[in-house]
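This report refers to the structure that appears directly beneath it.
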Amino acid sequence: MSAFSLPTDYPRIRRVQSFAELLATPFAAGVNALCWERTLPAGFPEVVAHLGPGEALVTLDEARLRALPVSAPARAAIKFMLADQQLLRDQDLDPVLNCIHGYPRDEEPGPVPTDVFSFHADSAPVPADTWLCTYHGPASEGLRNEEAHRRVDLPATRAQLLTAFGRADDADFRVFLQENCYDLHYAPAPDARPFSFGLGNLWRIATDYPTSPVPPCVHRAPATLPGDPPRLLLIS
Ligand SMILES: [Fe+2]
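Here you go:
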């Protein structure tokens, strides 16, 4: 596993030292991502090997994980993941643990890609955060807001979207952008420096909701290439 380091020049990320701090720290003063950095037990490759090949995305439940005939290190890895789920459930959240072999891509990518491989903000109608931890495989990636441009604001893309919409750039057009999630996707600036969320770190990131005091954290799922190990991802 390569060493993980948070970008040192990006004040929107704040490092915390505990779950309690991750939970209690408000998004304010521009901070839109909180990272509780942790070191994982060594048994994750064995867990993944026991899960075997699969298609697309498989949600793992506790019974299946506990029934795997694994060694003590893999048992520790399973315990680690289940403990995280419990921490979140205790907060009335609804975390899921996915084994991701690959995500579907947009079948007919239009002017704006809207799959999880595209940098995007999560959105919610009410105050809500996204919680994420990659335990195995390629880790989620973030993009500095200052290096991200909403695709709907790029003149050529907006012109294409207006053509697809077929009417004026008015309130109805903005509803059209919203309904298709076009307004949640971002293009990296040419000199952008995406950063890794790393393995084992539990993140709480800001979503796009109407009264949010901070801009949303822009992120994406890494491309899964043939031969890559599957990802184990906790998400809530
Ligand atoms: Fe997302």
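Letter by letter, the sequence shown follows residues 14 to 249 in this note's numbering. Glycine included, every Cβ here is placed at the ideal spot set by N, Cα and C.
Who are the Cβ neighbours of E68 in its own chain at under 7 Å, not counting the five residues just before and after it?
Mapped onto the sequence shown, residue 68 falls at position 55. Around E68: H114.
Listed by chain order, which residues have C-beta atoms less than 7 Å from any heavy atom of ligand 1?
Counting every residue whose Cβ lies closer than 7 Å to a heavy atom of ligand 1, we get V129, H133, D135, T143 and H232.
Just curious, the alpha helix (DSSP H) that R88 is in, first and last residue?
Taking the first residue of the sequence shown as position 1, residue 88 is located at position 75. Residues A85 to R102.
In this structure, what does DSSP give as the bridge partners for E154?
Numbered from 1 along the sequence shown, position 141 holds the residue referred to as residue 154. Per DSSP, S209 and R233.
Output the distance between the C-alpha atoms of A181 and R164, rounded to the nearest integer angstrom.
Mapped onto the sequence shown, residue 181 falls at position 168. Mapped onto the sequence shown, residue 164 falls at position 151. Rounded to the nearest angstrom, the two C-alpha atoms are 18 Å apart.
What's the C-alpha gap between Y199 and V29?
Residue mapping note: residue 199 aligns to position 186 of the sequence shown, counting from 1. Residue mapping note: residue 29 aligns to position 16 of the sequence shown, counting from 1. Whole-angstrom Cα-Cα distance: 27 Å.
Starting from R28, trace the beta strand (DSSP E) both ways and give me its first and last residue.
To locate residue 28, count along the sequence shown from 1; it is residue 15. Run containing R28: I26 to V29, per the beta strand (DSSP E) assignment.
Should L6 and F93 be called a contact, given that it needs their Cβ atoms to be closer than 8 Å?
Coverage of the chain is limited to positions 14 through 249, which leaves residue 6 absent and any answer about it impossible.
Taking the CB atoms as reference points, tell me whether Q98 and L245 lie closer together than 8 Å.
Counting from one through the sequence shown, the residue named residue 98 turns up at place 85. Counting from one through the sequence shown, the residue named residue 245 turns up at place 232. No, the pair does not count as a contact, with Cβ atoms beyond the cut-off.
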